[in-house]
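Input: a single structure, listed below in structure tokens.
Residue numbers (the UniProt record's numbering): 1 to 191.
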């Protein structure tokens, strides 16, 4: 279920499907780096202004699904205009700053992004750009990222399947929103 908070800036309504905290797992595979499964936590929040704040933390998982060590962290800001064009500014823990542009698909919660500008510190690894696809599929958030370096052509390197994290506050809010005339047994919902 996609909720649209009453204090969400009107321009951000098309991005409302991203709001909240998400957690899940994915696969990381790029030449010159360790191939691994990873865990991920993502949050998209807002404060009433015309952008979403984004934070992502990933970590390497062992074969039993336990955290081994951090993999990547990103922070950024997402905006959308009246023509459904999306812009993202992002900073990564490895010394890369990116500007991404893209658009939302027509009639579905899906965003295609491509880097427009990349700035790197001297300590960062070689990186020249990337693409990302985010989609809201059956109440889950899925994404795939592609990247390129001077030595490696654009190719997929990370993808993940994330579930919405439900907080006690969410449960309380939903409980208060239930109608007073709920049936005593849940069977009535299935008739």
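Where is the CB? At the ideal position from N, CA and C, for every residue including glycine. Fair warning: this is a prediction, and the values are worked out from it, not measured in the lab.
query: Residues near residue 90 in its chain [Cβ-Cβ closer than 6 Å; skip 5 each side]; result: 74, 76 and 98
query: Cβ pair count under 8 Å reaching 3, the region 98–112 against the region 26–36; result: no
query: Close beta carbons around residue 127, own chain, < 6 Å, minus the five adjacent residues each side; result: 96 and 149
query: Strand pairing of residue 145, partner residues [DSSP]; result: 132 and 158
query: Three-state class that DSSP yields for residue 169 in the structure shown; result: helix
query: Between the CA atoms of residue 94 and residue 125 - distance to the nearest angstrom; result: 7 Å
query: N- and C-terminal bounds of the beta strand (DSSP E) containing residue 37; result: 36–45
query: Residue from 123, 133 and 121 whose Cα sits closest to the Cα of residue 114; result: 133
query: Three-state class that DSSP yields for residue 77 in the structure shown; result: strand
query: Separation of residue 66 from residue 130, as counted between CA atoms; result: 29 Å
query: In DSSP terms, what residue 101 is bridged to; result: 87 and 114
query: Buried or exposed by the 16-neighbour rule on C-beta atoms within 10 Å, applied to residue 160; result: buried
query: Assigned exposure category for residue 56 - 16 Cβ within 10 Å defines buried; result: buried
query: Proximity of residue 22 and residue 163 at Cβ, strictly below 8 Å; result: yes
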